[in-house]
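Novice: Numbering (full-length UniProt numbering), first residue to last: 1 to 1050. C-beta: ideal position from N, C-alpha, C; glycine also.
Right, here's the structure in full:
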């Protein structure tokens, strides 16, 4: 915008030309300064001698007037108040003040006048007016442009806002639709779940009713059978029925003739079974090594060391052992034992009685009995004709291996043969035989009031394998006066025992011996015979005489070998018995615990006897397989309950059991107990399947261990919660689960899989990340030892290096055997022996670090390191031996013995009682967790890498090498690894716990915090506060209590 035009000429025209020279440049006057327009107030200024200006005449007149006016005012004031008297100075001050006021007023009036004159002059100046009009127009144009732009921006903003609102509305509709679909899906899933659950409960109820009805019918039938057998009533109609497994098919000829078929229930033909017959069959009653040998199972060269006549002698012993028992049930007409080698006929014993009642009595008393360590099963056989069942070919081309007809063994004295009489006429009957042949209503073995010490019982006959041992102990206690008679009975029993185990011992010898050894012995025998023949020919002796003499010598040597073998067998049996007792007393390898194998599990608080009455033990029926609706098998799960503090609406707190047997400890003390008491909750402690007393299957075979996994165990927990909520009428109560170690995994995963049942969880020291090569474990052990002193870790490292160096030397293994009190010299050629030995040594340090706490004023780590750094104990290797060898007995570090021990599948075996067969199967199939020496930071040698554990899996359960990685990956996929999508789960870990690298160490979200406790070990936060606990540990427990309290209160 341009400058306004010069106004000098117009201004001069208005104001006069006297002051033209005072503004020669035409400067625009200031409108605020009137003096610039009208000129100075006076035309000139005169000064006096003192330098003050001399006022203009009219100004002087005016000043005088004003001064007079001031005096006049003062005079009036004095007149009003006669008492006021002013001094001269006061008068002058007032006069000066009035003068200044007057000057200011005159200047203001003059300025206003100048402004008015300037405004009038500008209004008459056309250039200025044009300038102002142009400025106004530009201002209006600018305002119009700005208004237009503002309107455009507002229009665009409105359009964008409308589009955003529409988009937001569509998004809200989509979210609402998705939420509606999600609610409908959840409702559908819930309805389906409820429907399935209702159907399942209905099915279970129907099955229960059917089972009860079946039991009632069985009881009724059993009563009718007992009346039929004991009281001589008419044969029940139910026993006359027949059952066809495939009624539309033709009858199987071999099953009809022999009562057995090689195809079993898979046969394509009909198998007709009867409920009553004169003939009973006991499958597999007789067992001998020769019946089991075949090319598919054993070495074909075993026949070189086996004589066929031995089986007949063994069968005669078996016959004499069982005939008395079989005769006690009735009169035997025919008795035949199969020597077929096919499984369906192998060792089957057929007994034909004269009447069906006698056969039924034998069936009732023998079914379920135990003989030789195995349980018997009896069946009725509709034997139409013995001649159709027994093979009639003298030399059968198929032999006893492939023929489906009966190849029988000859009974002693041809007794009870098909054409023979019941007893040989020339055999006298003594009193015992006459008693056995009597027709009695009950077997002497079922009489409850029978004196066990009065009758001689063979060790193989019993109701269970353990009954006779207990019975012998009781009888010795009750009848001490019959010691001599019992010794004679034991002697005869020992003789029979030696005979019965003779073949099994020989079979084990045959399995151990190699082919080369057998061939070498045969070649040596032939060479000896050839040399002897040459010698006889040279000396002129008769070969027949030499052969006769040789046969006598062989018989004599055979008798010696037999006696020696019997003595050795007896010694072997005694040693095995002693070993069995030792294993049952001390199931662990060396008391420390093998983290991958003989793992201790969670250390539970000691139960308090004074509070034992508030704990109750219960059992709940669980499905064996929760995910197979066709499998109706069930089992009983053990749990413990504490309801002493329960109030209506209280929470349900569940301590989840892991790989250990549960006790009362956590229901009487500990963190969960304190929370349950404070909030009046119902507390449970559940036992994991396959551990403790919760045994779902008959044994721990690999086939049965398939039901031991996290999926089934979590389903057990969900089924338990659902059942107990309804049973206790606590369906609206909140459920909080607690778990430590592996059970901590279960707690977190239960919240992940069943959030509608579980509202919160505490996972203490939970290694939720599955990993096969867990080398970080010994890294943490090394670091934890180093926190005490670097000298300790150096000493341990030096000791393990010394062990490996000795193993590489020729005399080293013998020195290690003596130094560490080992039972055997380590086999340096066996990777299993070396790995097991070094792992056992390393486990000593791992166990102490994992469960470190303060005892006797110092930590366990400090006590261990004090021993490893004590100079008076010798070198680091000697210190390690001193720490390791703390018992008088030797340590068995033989890998083969270790594997053999833990391959046993019985629940009474040390493998199952120490829970390690079950736990190690879980590591082989789900988690890994193998603490290896793959890390460079480890100080425990290099002899137990990942391959060592994989070979152990293969040796114990089968081939797992190719499936281990896939199963570990599956676990992490199913449960989220170290980053699961969880809420309301607390993860607690100690920084010296070797398991903490696999747990959650940072907060997942606001509701799932991770608490790392400095200086704490494995699961220490699960217990109550004690004086020796660190402040960090106490603060962590307090925080856990506060968080869980908020869950319960909300």
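What is the C-beta distance between residue 977 and residue 769, in whole angstroms, given that I count them as a contact (C-beta under 8 Å)?
Specialist: Sequence index remark: in the chain shown, residue 977 carries index 977 (1-based). Sequence index remark: in the chain shown, residue 769 carries index 769 (1-based). Residue 977 to residue 769, Cβ: 5 Å. Contact.
Novice: Any heavy atom of the ligand PLP closer than 8 Å to the CB of residue 853?
Specialist: Inclusion of the ligand PLP in the displayed structure is not the case, the ligand content being empty and no account of it being possible.
Novice: Between which two residues does the alpha helix (DSSP H) containing residue 732 stretch?
Specialist: Numbered from its first residue, the chain shown carries residue 732 at position 732. Per DSSP, residue 732 belongs to no alpha helix (DSSP H) and is neither H nor E.
Novice: How many Å lie between residue 420 and residue 414 at the Cα?
Specialist: Residue mapping note: residue 420 aligns to position 420 of the chain shown, counting from 1. Residue mapping note: residue 414 aligns to position 414 of the chain shown, counting from 1. With a pLDDT of only 36 at residue 420, under 50, the local geometry of the prediction cannot be trusted, and no value is derived from it.
Novice: Round the Cβ separation of residue 943 and residue 838 to the nearest angstrom and send it over; I've been treating them as touching at under 8 Å.
Specialist: Within the chain shown, the letter at position 943 stands for residue 943. Within the chain shown, the letter at position 838 stands for residue 838. At roughly 4 Å, the Cβ-Cβ gap stays under 8 Å, so residue 943 and residue 838 are in contact.
Novice: Pick helix, strand or coil for residue 264, following the three-state DSSP scheme.
Specialist: Taking the chain shown and counting its residues from 1, the one referred to as residue 264 is at position 264. Three-state result, residue 264: helix.
Novice: Helix, strand or coil: how does DSSP classify residue 183 here?
Specialist: As a first step, residue 183 must be located in the chain shown, where it is residue number 183. Residue 183: helix per DSSP, three-state reduction.
Novice: Strictly by DSSP, which residues pair up with residue 639?
Specialist: As a working note, residue 639 is residue 639 in the chain shown. DSSP, once it has assigned bridges, lists 618 and 686 as partnering residue 639.
Novice: Could you name each continuous beta strand (DSSP E) segment of 3 residues or more that falls completely within the region 966-1022, going from the start of the chain to the end?
Specialist: Qualifying beta strand (DSSP E) stretches, in chain order: 985-990 and 1010-1013.
Novice: Provide the residue span of the beta strand (DSSP E) that contains residue 773, from first to last.
Specialist: The count along the chain shown starts at 1 and reaches residue 773 at position 773. Residue 773 -> beta strand (DSSP E) spans 771-773.
Novice: Based on the DSSP secondary-structure assignment, which residues constitute the bridge partners of residue 380?
Specialist: Residue 380 sits at position 380 when you count from the first residue of the chain shown. Paired residues: 280.
Novice: Quick check: what's the CA-CA separation for residue 933 versus residue 201?
Specialist: Translated into positions along the chain shown, residue 933 becomes position 933. Translated into positions along the chain shown, residue 201 becomes position 201. Using only the alpha carbons, I get a separation of about 51 Å.
Novice: If you compare alpha carbons, which of 211, 275, 902 and 727 is closest to residue 380?
Specialist: In the chain shown, residue 380 corresponds to position 380, counting from 1. The candidate whose alpha carbon is nearest that of residue 380 is 275.
Novice: Taking DSSP as the reference, what is the three-state secondary structure of residue 1089?
Specialist: Since the displayed the chain opens at 1 and closes at 1050, residue 1089 lies outside it and no answer follows.
Novice: Where do the ends of the beta strand (DSSP E) carrying residue 1053 lie?
Specialist: Nothing about residue 1053 can be read from this structure; the chain reaches only from 1 to 1050.
Novice: So residue 673 packs on residue 639, CB below 8 Å; how close in whole Å?
Specialist: As a working note, residue 673 is residue 673 in the chain shown. As a working note, residue 639 is residue 639 in the chain shown. Not a contact, Cβ separation roughly 16 Å.
Novice: Kindly list the residues whose CB is nearer than 6 Å to the CB of residue 224, restricted to its own chain and excluding five residues on each side of it in sequence; keep chain order.
Specialist: Your numbering for residue 224 matches position 224 in the chain shown. Only 236 meet the Cβ criterion.
Novice: Compute the beta-carbon to beta-carbon distance between residue 350 and residue 336, rounded to the nearest angstrom, for a pair I have assumed lies under 8 Å.
Specialist: What you label residue 350 is simply residue 350 of the chain shown in a count that begins at 1. What you label residue 336 is simply residue 336 of the chain shown in a count that begins at 1. The pair is a contact, with the Cβ atoms about 5 Å apart (cut-off 8 Å).
Novice: Can you tell me whether residue 223 is helix, strand or coil according to DSSP?
Specialist: Here residue 223 is taken as the residue at index 223 of the chain shown, counted from 1. In the structure shown, residue 223 sits in a helix (DSSP, three-state: H, G or I).
Novice: Under the three-state reduction of DSSP, which class applies to residue 833: helix, strand or coil?
Specialist: Sequence index remark: in the chain shown, residue 833 carries index 833 (1-based). Helix at residue 833.
Novice: Within 10 angstroms of the Cβ of residue 716, are there 16 or more other Cβ atoms? Answer buried if so, exposed if not.
Specialist: Stepping through the chain shown from its first residue, residue 716 is reached at position 716. So residue 716 counts as buried.
Novice: Sort out for me which residues DSSP pairs residue 270 with in a bridge.
Specialist: On the chain shown, position 270 is the one that residue 270 refers to. The partner list for residue 270 (beta bridge, DSSP) reads 251.
Novice: Over the uninterrupted alpha helix (DSSP H) stretch that includes residue 355, give me the two end residues.
Specialist: Counting from 1 along the chain shown, the entry for residue 355 is found at position 355. Careful: residue 355 lies outside any alpha helix (DSSP H) and carries neither H nor E.
Novice: Spatial neighbours of residue 948 within its chain, please: CB distance less than 6 Å, with the 5 preceding and 5 following residues excluded, ordered by chain position.
Specialist: Here the question's residue 948 lines up with position 948 in the chain shown. Counting only Cβ-Cβ distances below 6 Å, and skipping sequence neighbours, we find 835.
Novice: Would you be able to state if there are at least three C-beta pairs under 8 Å between the region 265-272 and the region 240-254?
Specialist: Touching, yes, given that three or more Cβ pairs across the two stretches are closer than 8 Å.
Novice: If we count the other Cβ atoms within 10 Å of its Cβ and call it buried at 16 or more, is residue 1025 buried or exposed?
Specialist: The residue you call residue 1025 lines up with position 1025 of the chain shown. By the neighbour-count rule (16 or more Cβ atoms within 10 Å), residue 1025 is not buried but exposed.
Novice: Is DSSP giving residue 48 helix, strand or coil here?
Specialist: Against the chain shown, residue 48 aligns to sequence position 48. Confidence is the limiting factor: at residue 48 the pLDDT is only 46, short of 50, which leaves the residue's position unreliable, though a coordinate-based value still follows. DSSP places residue 48 in coil when its eight states are reduced to three.
Novice: According to the Cβ coordinates, are residue 1083 and residue 650 closer than 9 Å?
Specialist: Residue 1083 lies beyond the residue range present for the chain, which begins at 1 and ends at 1050; the question has no answer from this structure.
Novice: Could you check if residue 339 is buried or exposed, using at least 16 other CB atoms within 10 Å of its CB as the buried criterion?
Specialist: Taking the chain shown and counting its residues from 1, the one referred to as residue 339 is at position 339. Buried, since its Cβ has 16 or more Cβ neighbours within 10 Å.
Novice: Is the CB-CB distance between residue 259 and residue 279 below 9 Å?
Specialist: For the purposes of this step, residue 259 is taken as residue 259 along the chain shown, with counting starting at 1. For the purposes of this step, residue 279 is taken as residue 279 along the chain shown, with counting starting at 1. Yes, they are a contact pair.
Novice: Measuring CB to CB, does residue 687 end up less than 9 Å from residue 710?
Specialist: As a position in the chain shown, residue 687 is number 687, starting the count at 1. As a position in the chain shown, residue 710 is number 710, starting the count at 1. No, the pair does not count as a contact, with Cβ atoms beyond the cut-off.
Novice: Alpha carbon to alpha carbon, how far is residue 606 from residue 669? Give it in angstroms, no decimals.
Specialist: If you number the chain shown from 1, residue 669 lands on position 669. If you number the chain shown from 1, residue 606 lands on position 606. Straight-line Cα distance between these residues: approximately 9 Å.
Novice: Are there 16 or more other CB atoms within 10 angstroms of the CB of residue 509, so buried, or fewer, so exposed?
Specialist: Residue numbering aside, residue 509 sits at position 509 when the chain shown is read from its first letter. Residue confidence is low: residue 509 scores 36 on pLDDT, short of 50, so the model does not pin down where it sits. Its coordinate-derived value is still stated next. It is exposed - the Cβ of residue 509 has fewer than 16 other Cβ atoms within 10 Å.
Novice: Output yes or no for whether 9 Å exceeds the beta carbon distance between residue 725 and residue 654.
Specialist: Position 725 of the chain shown, counted from the first residue, corresponds to residue 725. Position 654 of the chain shown, counted from the first residue, corresponds to residue 654. Going by C-beta atoms, residue 725 is not nearer than 9 Å to residue 654.
Novice: Buried or exposed: where does residue 89 fall if 16 or more other Cβ atoms within 10 Å of its Cβ makes it buried?
Specialist: On the chain shown, residue 89 is found 89 positions in, with the first residue counted as 1. It is exposed - the Cβ of residue 89 has fewer than 16 other Cβ atoms within 10 Å.
Novice: If contact is defined by three or more beta carbon pairs under 8 Å, each pair taking one atom from either stretch, is the region 815-823 in contact with the region 1025-1034?
Specialist: Touching, no.
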